[in-house]
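Peer 1: In the numbering used here, the protein residues as written are 1278 to 1936. Even glycine gets a Cβ: it sits at the ideal position worked out from N, Cα and C.
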Amino acid sequence: MYKANFVTKWAIGLMFSATSVLAISPAASAQPKAGISQGSIGNQDDTFLALRDASRANKLDRLDGLASVLSNYDIPSYVDYYRLKPRLKDLMAPESEIRDYLARYDGTAIADRLRNDWLLELGKAGIWPTFDEQYPLFALDDDTQLKCYALTSKALKGVNVADDARALLTTPKDYGQACTDLIGTLAQNGQFSQTDVWFQVRQAIESGYAPVARRMAPFMDATDAQIAQAIDRASLVVARGPGADRVGHELFIIALGRIAKNDPAQAANAIMAAADQLTAAERSLGWGQIALQAALKLDPQAVDYWRAAQGAPLSPDGYQWRVRSALRAGDWKLVKTSVEAMPPALRDDPAWTYWLGRSLMAEGRNDQAQKLFQSIADQTNFYGQLALEESGKKIVVAGTPSMITALELAPMQRNEGFRRAFRFFDMGLRFEGTREWNWELRKMSDRQLLAAAEFARQSDVLDRMVNTSDRTKIEVDFNQRFPAPHRDIMMANTTGLGIDIAWVYGLIRQESRFVRNARSQVGASGLMQLMPATARFVAKKVGFNGFTADQVNDVDTNIMLGTNYLSMVLNDLDGSLPMATAAYNAGPGRPRLWRSSLPGRVEGAVFAESIPFSETRGYVKNVLSNATYYAALFEGRPQSLKARLGSVAPKGYTVSALP
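#1: Rounding to the nearest angstrom, what Cα-Cα distance links I1531 and P1541 in this structure?
#2: Can you confirm whether the region 1906-1914 touches the region 1750-1767 when touching is taken to mean that 3 or more C-beta pairs between the two stretches lie within less than 8 Å?
#3: Going by alpha carbons, who is nearest to R1339 out of P1363, T1447, D1322?
#4: Mapping DSSP to helix, strand and coil, what is P1879?
#5: Using CA coordinates, which residue listed in A1639, L1838, L1368 is at the minimum distance from G1820?
#6: Can you tell me the Cβ-Cβ gap for L1922 and A1885, rounded? I've got them flagged as a contact below 8 Å.
#7: How big is the Cα-Cα spacing for K1668 and I1751?
#8: For R1719, count neighbouring Cβ atoms within 10 angstroms of its own Cβ and tell me buried if that reaches 16, exposed if not.
#9: For T1630, which residues from the same chain have a beta carbon less than 6 Å from its beta carbon, with the 5 sequence-adjacent residues on both sides left out?
#10: So, under 8 Å CB-CB, V1897 and A1859 are touching, yes? Tell me the CB distance rounded to an integer number of Å.
#11: So if DSSP puts I1672 in a beta bridge, which residue, or which two residues, is it bridged to?
#12: What residue does the alpha helix (DSSP H) around P1406 start on, and which one ends it?
#13: Tell me the residue span of the alpha helix (DSSP H) that contains E1374.
#14: Please go through the same chain and pick out, in chain order, the residues whose beta-carbon is closer than 8 Å to the beta-carbon of Y1486, but skip the five residues on each side of it.
#15: Looking at the secondary structure, which residues open and close the alpha helix (DSSP H) in which G1694 lies?
#16: In angstroms with no decimal places, state the Cα-to-Cα distance between I1681 and D1723.
#17: Please confirm whether I1352 and R1700 have their CB atoms less than 8 Å apart.
#18: In three-state terms, what does DSSP make of S1802?
#19: To test your reading of the DSSP string, which unbroken alpha helix (DSSP H) runs of 4 or more residues are found completely within the region 1425-1508?
#20: For R1635, which residues of its own chain have a beta-carbon under 8 Å away from its beta-carbon, when the five flanking residues on both sides are left out?
#21: Which complete alpha helix (DSSP H) runs does the region 1599-1653 hold, if anything under 4 residues is left out?
#22: Exposed or buried, what is T1556 when buried is set at 16 or more other beta-carbons lying within 10 Å of its beta-carbon?
#23: Alpha carbon to alpha carbon, how far is A1572 from W1598?
#24: Contact between the region 1344-1360 and the region 1376-1393: three or more CB pairs below 8 Å?
#25: List the whole-angstrom C-beta distance separating L1423 from A1442, where the pair is believed to meet the contact cut-off of C-beta under 8 Å.
#26: Let me know the secondary structure DSSP gives L1807 once reduced to three states.
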């Protein structure tokens, strides 16, 4: 998540930094001791952690010695994995050794991980017979690069995979070498046209992955140097004009997008000046590049740029930001046409189903709108809740399923994967523990998932309880999904500050999943994921003398400081829950900036959906969705997410709840 270092320049919302975090990192206490030997070791876990680190650092000379110390270790599959993994690189390990490992630990999470690693090396080396044999055995099948290698293998055999490749190649950050090689293969055998390749180049650049775009230079007439110039010296390319050939036109369009990143109006002037040198399709492409950057800057002119881009092929980000721009402008006609123009897989997302329904309502087509709302109203997510309200109902929690019996619980208590997960959690290895836990859930029924969640609750591993219970389809236990530990501490703090306890629980559920010593990659700590600078500042403001950084994981202290911080941002942002929630994640200055370009008052849902940081956008929606369910549990009566969202307007308006 974005976590701002909140400092004494609070009044103007400045921050020292804000960095994206994707997962809770292992506890600092899980660092191995240096210089461990057979004679000096007192704890085999230290040796195991040393083996893990040596494997990750490719220190081949240490692996056998460390592994020999662990000959009787209680997680032998991981000892063998860490010993073998570095030797997969460039296929140094004998194939017989790899196959022996896969056979010995068949059906386990770590064996599937090793097969994933091996397949990447097989694809890289182009050993397609073995790749084709092993790929169908890869159970998780969640690696984009492997999917690209699989399509490459088919394409080399003469199979037409162009449509499958276009559907897959939408997220350049996941491409690696495999997916750029796939693009090259398809370009060389005629399955991808130059139009396809240039689309991929533009998509990579607009996503911020310029090196991926430059790796595609050999597959087109442009050189790496020309693509680099369009990226890094865009003003020069635009000043030179489109030129006479296709390469010049394509580079000009890319350069327009780069200029628009800083100044959309300048890019708009440039494309209008060169309009006579571009085809109608090229003008649409250029306007699409400008419109996306303007939309990300929340520029009110973005809707006009999107209209000029009519008919241009867009990236997934482009399709979605065209709708968001229309929502901010209150242009329901553009909302409708933009959602309808999306590829089917994207259009079926609950967000766009909901907003398409709203656009139909704006046209008076209520029956059609209600069909869309009802198609997602049973989903327990942000847009499912909003759709339920549009259907004339409020948000309630369903009846609790029957209690898990001892007979249902027993298999969970005996489950070897769960036992490995708890061992890893004890060592601070949350990534490994979570992988083991989730592997065991893959084929479970609702009742089995509820039993596994209950086992996690009894073991005081609440994040696994929540995530496991979240997977059920028919039997839903809201008490498992929305736990409320430390209720007495929470009540004392929220009551004294006058803030909504359901909101705070909704935030903790999103921040840490109730892992008391959770620590993010940027240093945020504890249940409420406080940054050190934020904790120090709030401690000083509330008169907590003698506060030290090591106190931040203490539950009482973390909740006290976190709730006070929430109270500060809520008061500073006119009592708006969407803005205060965004401020907790991205810093208080950003929500002020995001609302400043609004044309007037908008629904809180529009504000949330058009937050330009994808992480913060999802965060705000999840926290307020969580809070609504918590309120339903605590108060025992129907709730309204729309009321919690209220409305947001530029400074000078009064933010208030919508009727």
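Peer 2: Let me spell this out:
#1: Distance between the alpha carbons of I1531 and P1541: 13 Å.
#2: yes
#3: P1363
#4: The sequence given here places Val at residue 1879; Pro does not occur at that position. Here V1879 sits in strand by DSSP.
#5: Checked all of A1639, L1838, L1368; the closest Cα to G1820 is L1838.
#6: Confirmed, about 7 Å.
#7: Residue identity differs from the one stated: residue 1668 is Ser in this sequence, not Lys. In a straight line, the C-alpha of S1668 is about 21 Å away from that of I1751.
#8: exposed
#9: In chain order, L1649, I1653 place their CB closer than 6 Å to the CB of T1630, counting only its own chain and leaving out the 5 sequence neighbours on each side.
#10: 5 Å
#11: Q1916
#12: 1405-1411
#13: 1372-1381
#14: P1449, K1450, Y1452
#15: 1693-1703
#16: 11 Å
#17: With respect to R1700, I1352 sits close: the two C-beta atoms are nearer than 8 Å.
#18: DSSP places S1802 within a strand segment (E or B) once states are collapsed to three.
#19: 1439-1445, 1453-1465, 1471-1483, 1487-1491
#20: W1609, V1612, A1646, E1667
#21: 1609-1617, 1621-1624, 1627-1639, 1643-1653
#22: exposed
#23: 6 Å
#24: The region 1344-1360 is in contact with the region 1376-1393.
#25: Rounded, the Cβ-Cβ distance is 14 Å, inconsistent with contact.
#26: strand
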